[in-house]
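Undergrad: To start, I am sharing the structure in question, which I have written as structure tokens.
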Amino acid sequence: MLKIIDVDFIEPYKLALIFSDGFQGIADLSAYFSKAPFSGIKNFQKFSLTADGALNWSGNELSASTLRAVTKGVQKTAAFSFNVQEMEDVIKQASWDSMQEGRPDILQAAIRSYVEQFGHSQVIAKAGIKSRTSAYRSLKPQTTPNFATLVQLGHAVIELAKESANERSETPCKAVIIR
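To convert, take the position in the sequence shown, counting from 1, and add 196; that gives our numbering.
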């Protein structure tokens, strides 16, 4: 199932989106927000990323496939590769934005997108969280997440990304000789 895994505000009615299949680009949503039900939304920047990878503005939702259809961009490699520094920066920025706006869902969505890429089981095991229910509840939209659990999950995804990067750098390359 196609999901949005990262979203950034660019300017009014424009968002930078990254999809679960590796597609990245800019979505111009001005056509949607010029007519009902979206025309009544006062603050375009106040959206949330849903559990099924869609975007929601006060109960008005655009699915990942709808957004993908209007996104202009490029297909990035679907290879499982992470820029660890970028991941840390995204989580730091999401933490800051959460505190500034009093919205824990911002940090929750950022961490959830990385957890989904690695898989819940692997991240929960790496975090050492005994209660899977607590971890799932902390990531579920429309819930008040347990901050300590989010910190554990955030730390675990960064550690998993570092391990993945180390494994890639330690994998010997095979030389191919062409004669």
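Backbone N, C-alpha and C define an ideal beta-carbon position, used for all residues, glycine too.
#1: Taking the C-alpha atoms as reference points, what is the distance between Y310 and S334?
#2: For A227, which of I287, V347, P208 has the nearest alpha-carbon?
#3: To the nearest angstrom, how far is the alpha carbon of E359 from that of F234?
#4: Are the CB atoms of Q313 and I214 within a distance shorter than 8 Å?
#5: Over what stretch of residues does the alpha helix (DSSP H) that includes D204 continue unbroken?
#6: For A361, which three-state DSSP category applies?
#7: Kindly identify the DSSP beta-bridge partner or partners of K377.
#8: Could you please give me the residues that DSSP links to V270 through a beta bridge?
#9: Which first and last residues belong to the beta strand (DSSP E) in which N256 is found?
#10: According to DSSP, W292 sits in a beta bridge with which residue or residues?
#11: Which word fits T345, buried or exposed, when buried means at least 16 other C-beta atoms lie within 10 angstroms of its C-beta?
#12: Report yes if the CB atom of T246 is closer than 8 Å to the CB atom of P341, and no otherwise.
#13: Does DSSP put F215 in a helix, in a strand, or in coil?
#14: Just checking, does the stretch 351-358 make contact with the stretch 277-288 on the three C-beta pairs under 8 Å criterion?
#15: For V286, tell me which candidate among Q271, A306, I237, G298 has the shortest Cα-Cα distance.
#16: Exposed or buried, F243, counting other C-beta atoms within 10 Å across all chains shown (16 or more means buried)?
TA: The short version:
#1: Here residue 310 corresponds to residue number 114 of the sequence shown, with the count starting at 1. Here residue 334 corresponds to residue number 138 of the sequence shown, with the count starting at 1. Taking the CA atoms as reference points, Y310 sits about 14 Å from S334.
#2: By 1-based counting over the sequence shown, the position of residue 227 is 31. Of I287, V347, P208, the residue nearest in Cα terms is P208.
#3: Residue mapping note: residue 359 aligns to position 163 of the sequence shown, counting from 1. Residue mapping note: residue 234 aligns to position 38 of the sequence shown, counting from 1. One Cα belongs to E359, the other to F234, and the distance between them is close to 43 Å.
#4: Residue mapping note: residue 214 aligns to position 18 of the sequence shown, counting from 1. Residue mapping note: residue 313 aligns to position 117 of the sequence shown, counting from 1. Not a contact, by the Cβ cut-off of 8 Å.
#5: Here residue 204 refers to the residue found at position 8 of the sequence shown. Bounds of any alpha helix (DSSP H) do not take in D204; it lies within the beta strand (DSSP E) bounded by 200-207.
#6: Walking along the sequence shown from the start, residue 361 turns up at place 165. In the structure shown, the three-state DSSP call for A361 is helix.
#7: Outside the displayed span of the chain (197 to 375) sits residue 377, for which this structure offers no information.
#8: Within the sequence shown, the letter at position 74 stands for residue 270. V270 pairs with Q220.
#9: Reading the sequence shown from its first residue, position 60 is the one you call residue 256. In the DSSP assignment, N256 falls within the beta strand (DSSP E) that extends over 256-258.
#10: The sequence position of residue 292 within the sequence shown is 96, counting from 1. In DSSP, W292 forms no bridge with anything.
#11: Translated into the one-based positions of the sequence shown, residue 345 becomes position 149. Burial call: buried.
#12: For this step, residue 246 is matched to residue 50 along the sequence shown. For this step, residue 341 is matched to residue 145 along the sequence shown. Result no, Cβ atoms of T246 and P341 do not sit closer than 8 Å.
#13: The sequence position of residue 215 within the sequence shown is 19, counting from 1. Three-state DSSP puts F215 in a strand.
#14: Segments in contact, yes.
#15: Sequence index remark: in the sequence shown, residue 286 carries index 90 (1-based). Out of Q271, A306, I237, G298, the CA that lies nearest to the CA of V286 is found in A306.
#16: Here residue 243 refers to the residue found at position 47 when the sequence shown is read from its first residue. It is buried - the Cβ of F243 has at least 16 other Cβ atoms within 10 Å.
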